[in-house]
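Each protein sequence line maps, in turn, to chains P and L. If you count by numbering that gives the first Met the number 0, then the first sequence holds residues 0 to 237, one letter each, in order. If you count by numbering that gives the first Met the number 0, then the second sequence holds residues 0 to 854, one letter each, in order.
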Amino acid sequence: MSLRELTKSVELDGKSLNILQPISLDVNASETIAIVGASGSGKSTLLSIIAGLDTPSTGEVYLKHQPLHQLNEEQRSAVRAKYVGFIFQQFLLVNSLTALENVMLPAELANIPNAEQKARELLAQVALADRADHYPSQLSGGEQQRVAIARAFISQPDILFADEPTGNLDTRTGLHIAELLFDMNKKFGTTLVLVTHDPKLAARCQRQVVMDSGQLTESSAESYDNQASDLANVAQVS
Amino acid sequence: MSTNTSLNSSGSQSVESSSKGNKHWLKHALLLLKHELKRGELTIILLAIVLAVSAVFSLSGFSSHIKRALINESTTFIAADRVLESSRPIAPDILTEAERNAVVHAQQLEMSSIVFAGNNMALADLSAVSAAYPLRGELLVSDSADLADAKPVNAPARGEAWIAVNGLKQLEISVGDEIEVGGSTFKVAGVISQIPNASFSVFTSGPQVFINIDDIAQTELVQPGSRLSYSYLFAGEPSAIESFEDWLKPQVNETQRWIDIESGQSPLAGALNRAQKYLSLASMLGIVLAAVAVAVASRRYSQRHQPSVAIFKAMGASKAYITKLYCLHWSLLSIVSISIGLLVGYGILQVGLSAMAEQVELDENYFAWYPFIVAIITGLICALAFAIEPLKSLVATKPLSILRGYQDENRKAWLNYLPAFVALFTLLFVFSRDLMLSVALLAGGLIVVGILLLFSRVLINAGRRAGSQAGKSWHLAMANLQRRAKENSVQLISFTIAIKLLLLIVVMKNALIDEWQQQLPDNAANRFLVNISGQQIDRVNEFLSDNNIVSSGLYPVVRGRLTAINDERVARRVSKEEDEEADNGRRGVGRELNLTWRASLPTENEVIDGSWWSEQDQKTQVSIEQGVAERLDIGVGDTLTFQLGSEEFSVPVTSVREVNWQALQPNFFMIFSPQVLADFPATYITSLYVEPSKKELLQDFLSQYPTISMIDVDALINQLRSVIDKVSIAVEFILVLVVLAGSLVLVAQVQASMEERERELAILRTLGAKGSLLRNSVLFEFVALGALAGFMASVAMEIAVYVIQSRVFDMTVSLHLPYWLLGIVAGASFVGFIGLLSCWRLLNLSSVTLIRRTM
Chain P
0 MSLRELTKSV ELDGKSLNIL QPISLDVNAS ETIAIVGASG SGKSTLLSII AGLDTPSTGE
60 VYLKHQPLHQ LNEEQRSAVR AKYVGFIFQQ FLLVNSLTAL ENVMLPAELA NIPNAEQKAR
120 ELLAQVALAD RADHYPSQLS GGEQQRVAIA RAFISQPDIL FADEPTGNLD TRTGLHIAEL
180 LFDMNKKFGT TLVLVTHDPK LAARCQRQVV MDSGQLTESS AESYDNQASD LANVAQVS
Chain L
0 MSTNTSLNSS GSQSVESSSK GNKHWLKHAL LLLKHELKRG ELTIILLAIV LAVSAVFSLS
60 GFSSHIKRAL INESTTFIAA DRVLESSRPI APDILTEAER NAVVHAQQLE MSSIVFAGNN
120 MALADLSAVS AAYPLRGELL VSDSADLADA KPVNAPARGE AWIAVNGLKQ LEISVGDEIE
180 VGGSTFKVAG VISQIPNASF SVFTSGPQVF INIDDIAQTE LVQPGSRLSY SYLFAGEPSA
240 IESFEDWLKP QVNETQRWID IESGQSPLAG ALNRAQKYLS LASMLGIVLA AVAVAVASRR
300 YSQRHQPSVA IFKAMGASKA YITKLYCLHW SLLSIVSISI GLLVGYGILQ VGLSAMAEQV
360 ELDENYFAWY PFIVAIITGL ICALAFAIEP LKSLVATKPL SILRGYQDEN RKAWLNYLPA
420 FVALFTLLFV FSRDLMLSVA LLAGGLIVVG ILLLFSRVLI NAGRRAGSQA GKSWHLAMAN
480 LQRRAKENSV QLISFTIAIK LLLLIVVMKN ALIDEWQQQL PDNAANRFLV NISGQQIDRV
540 NEFLSDNNIV SSGLYPVVRG RLTAINDERV ARRVSKEEDE EADNGRRGVG RELNLTWRAS
600 LPTENEVIDG SWWSEQDQKT QVSIEQGVAE RLDIGVGDTL TFQLGSEEFS VPVTSVREVN
660 WQALQPNFFM IFSPQVLADF PATYITSLYV EPSKKELLQD FLSQYPTISM IDVDALINQL
720 RSVIDKVSIA VEFILVLVVL AGSLVLVAQV QASMEERERE LAILRTLGAK GSLLRNSVLF
780 EFVALGALAG FMASVAMEIA VYVIQSRVFD MTVSLHLPYW LLGIVAGASF VGFIGLLSCW
840 RLLNLSSVTL IRRTM
């Protein structure tokens, strides 16, 4: 995965607002990388562009050698179907499909054979074999996220994007989910791009980059941690 | 180009083909549909289409059944389904063609003829009928003059005659005696009690005599120059009659006239025409309501499915995949809904028909395909035209929405809804075959929507200001209304349209029924006295006042001919009109006219041009009826020349009158100022309302004056009243159906806003809002919305009623202020009630549950 001088700006009330300053970044295959930063720093925007959900204003983005910045919506869809898996903060399961059907979905969209069998195996791996026929509304938050993890791995994606995967969960469940995510990632050898504001979670990745006001800096987890506590102190003082 | 190259060059053709050739969309569509149906997520959309289809099915089915029942009953008024009137015998191939179409026929030849019995004679209305007469309705004939045992019969046997009671009296004969008609003798075998197609003309005063048509040659009455009227009666299955009609109608020449029950100016035809228009108006409103329901529901459908689409797309589904998936999903949903709608509609129709069975004789064997076809087409058009836009925006949902939230695509609203409007108009027009009505409904609707969009914003803003000083719940309600101004104006518009259409249908129903009742009040004239001589006037007046019998007043009648217009002889000019003028028993121009004179303008007459003469005005002048004036191109200022006996005189036309021919009273084409005709010998006619208890008295009185003829129109009035009663019941039932359809639109619309409300309630609950505050605010919000919609609906209704009354129904236009109150109060309470009811479950959920459901 490779970003070259990537920027994003939006028009707001006639004024141009720069969300991403020129960003360049390379991520190697099977690498795990955390993008950390405060709310509004632009990390979700960056993720949406790398994952091909959105397009950059300028610059280049390559995913598995595909120039996403040149592809249209349809072509980017095809790239996602083939190479990309997602885990979202809000789980984002299709409400009217069962857990099993949700897991099967990406496999079916990518025409991968034996989708059901694979989905059942994955559900077993996330310890939800007996909940396969339940709808998302019948599952707890943690269970829904486990379904989402199973779904993310079914098409054996080359790259997995996780956007605050533990953000909507309590600490304990969050830890459990993180455990599961990293275990499975290791098992499948997937490149993981993790967006989070949780320094502990970020620390589990091989690399951390920090987003601040649309600018990306390579950093260690500790430095972000310090930065975050500094910010907290400032907030308390004021 | 470059994108493709780069894709190919990186060796990933499989990426492109990964979503092509993928058949899972089929499975996904079915899966989603199955689960969503099971989980009740599609209930509202399903209900909307079911409602559309079932409402249209039951409305059109009901009106076509009622129409058929009414026409079946009404055909008795012309003794057939169709009649071809002619002044001479028709070509035999017409009858051959009728037989070929399985249409049965009968013949009736009518003329005036002197009938003798010993030394007595009477000018009789002679009917010679064929064996099949009458094809519809009953000819009742009794063995004796008291008519007690009258039985339905066809034609008299050869050599026999049937005669009306007044004929027996005038000729001083009884059953079994002989009468001479033309050159042959007939035995009186029965007394006529009821003739199905009796001509309703006060000027055909002679007794009715019926003989067999095979005897007519012997009477030698059919001679060159005889004034004869041939009626060829036809009846058969509707399809047979219609195909025969299609064949025959283009061949009808100027000496002939093709009559069905709806043609002509009879009171019945008027009532029927309007009833049918009302039924189709009601059904059209049903369609509009149904379409609104589908529009509302499909918008909600689209919004609800946006998250699923976004997830599918994020997972790599192509647009084509989503398009196929949702087209199938929606099509299947439509098919399921339309099928259920047909079943439900069939059920409603059966309930309605069985409820009506006591009042209206329904044809049990009648099975109409029509409602099925109309309902299916309505369902399809609604499902397609109204869903295109929401489906388009659904399919266009961006995958990024999963992170950024869902927005309505900024649609160029008006242009995008064009297919829907075109579809709706086509539907209305095809359904009603009435351009004016369709345009009135649609244009009215569009104008209303436009004005509403403006108004609703303004009013909601104004409400906010008023609300800010009026207590907490009210304030919250107004704040809610304003915050969701856009959604609310959509809601408001559909509420308004629903309420408007309901008001419209109520107002039109009441106006129609009122007018029918006015036309046939309980004391409508039921007897006409004709041929009263000048010397008898005082005695008649005395009798009427002694017995408190209400009359229309006495009208003098003098018979004369119109011979010239502005000194131009009219013989040729009017000869073409002869047959047309023979309509409805009124002798028209070219023949002798019944002329009258009068100082004051009769009731049911209105001067539309010129002015009526004053009492003091000594000038000779004439007032002419509008229809004749138009046909003969006569206007105020023209001079007409009349011939009475050997005398000719000319008078200027000083006014043109519009005459209500449907009123049961003597009506005239020409009314002269009193001076003109005073010297000519006149007879007098009048119409009376005679209570049943006074019928004997009148009979006794008239027995002293055998020259005065009495025409009994009780039978006609009773028949008419029964038809009108039935039409009224049908109209009421249709109203109930439309109200039901309208209510369901309101429910659908309220339901559509439930999800958003859920989220808000969760927030307010969390912030510690009390249950009563939330309940009141929801109630106030809906009450305000309902009242506002009721008010705007009333204004819109008034405009629509004006157009429809004046352009479509030819009724007197009036203002309906009490209905404004009804609209506002009913709107406020109904929308408030439905809103509160729909939210009740939400309002009573605990905060935790609410939050869990929505977050």
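We put the CB at the ideal spot given by N, CA and C, even for glycine. Being a predicted model, the structure only gives us computed values, none of them experimental.
Interface flag, residue i vs chain P, CB-CB below 8 Å
i	result
Gly-770(L)	no
Leu-402(L)	yes
His-328(L)	no
Ile-65(L)	no
His-34(L)	yes
Gly-826(L)	no
His-815(L)	no
Gly-315(L)	yes
Ser-307(L)	yes
Arg-38(L)	yes
Lys-312(L)	yes
Lys-391(L)	no
Own chain partners of residue i with C-beta closer than 7 Å, once the 5 adjacent residues on each side are dropped
i	result
Trp-612(L)	Gln-620, Thr-653, Ser-672
Asn-522(L)	Val-549, Tyr-688
Gln-155(P)	Phe-187
Ala-386(L)	Ser-297, Trp-329
Leu-122(P)	Ala-98, Leu-99, Val-102, Ala-128, Ala-131, Ala-149
Leu-122(L)	Ser-111, Ile-113, Gly-205
Where residue i falls, given that 16 or more other Cβ within 10 Å makes a residue buried
i	result
Trp-24(L)	buried
Lys-37(L)	exposed
Lys-81(P)	buried
Gly-340(L)	buried
His-64(P)	exposed
Met-283(L)	buried
Gln-205(P)	exposed
Cβ of residue i within 8 Å of any chain L Cβ
i	result
Arg-79(P)	yes
Asp-53(P)	yes
Pro-105(P)	yes
Ala-109(P)	yes
Ser-47(P)	yes
Glu-73(P)	yes
Ser-8(P)	no
Leu-215(P)	no
Neighbouring residues, chain L, relative to residue i (Cβ below 7 Å)
i	result
Val-125(P)	Those within 7 Å of Val-125(P) in chain L number zero; the least Cβ separation is about 18 Å.
Glu-100(P)	Leu-30
Residue i: contacting residues in chain P (beta-carbon distance under 9 Å)
i	result
Leu-332(L)	Within 9 Å Cβ-Cβ: nothing; Leu-332(L) doesn't reach chain P, min ~13 Å.
Leu-399(L)	Ser-47, Leu-52, Asp-53
Ala-761(L)	In chain order: nothing, as chain P lies at least about 15 Å away.
Lys-499(L)	By Cβ distance, chain P contributes nothing, its closest Cβ being about 36 Å from Lys-499(L), past 9 Å.
Own chain partners of residue i with C-beta closer than 8 Å, once the 5 adjacent residues on each side are dropped
i	result
Glu-96(L)	Phe-243, Trp-246, Leu-247
Leu-83(L)	Ile-89, Ile-93, Ser-230, Tyr-231, Phe-233, Leu-247, Val-251, Gln-255, Arg-256, Trp-257, Ile-258
Neighbourhood of residue i by C-beta, 6 Å cutoff - its chain only, sequence neighbours within 5 removed
i	result
Ala-161(P)	Ile-86, Leu-193
Asp-578(L)	Confidence in Asp-578(L) is poor, its pLDDT being 42 and thus under 50, which makes the residue's placement unreliable; the coordinate value appears in the next sentence. Hits under 6 Å: Ser-86, Thr-254.
Val-539(L)	Ile-531
Lys-42(P)	Ile-34, Gly-36, Val-194, Met-210
Asp-229(P)	Reliability fails at Asp-229(P), whose pLDDT of 49 lies under 50, so the model's placement of it is uncertain and no value is given.
Chain P contact residues for residue i, given Cβ-Cβ distances below 8 Å
i	result
Ser-336(L)	What Ser-336(L) touches in chain P: nothing, since even the nearest Cβ is about 17 Å away.
Where residue i meets chain L, residues with beta-carbon distance less than 9 Å
i	result
Phe-152(P)	Result: empty, since nearest Cβ-Cβ is about 13 Å, beyond 9 Å.
Partners in chain L for residue i, counting only beta-carbon separations shorter than 8 Å
i	result
Phe-90(P)	In chain order: nothing, as chain L lies at least about 10 Å away.
Query - Whole beta strand (DSSP E) elements within the region 273-341 of chain L, 3-residue minimum - result: none
Query raised in the report: Unbroken beta strand (DSSP E) runs of length 3 or more, entirely within the region 520-551 of chain L: which are they?
Result: 526-532
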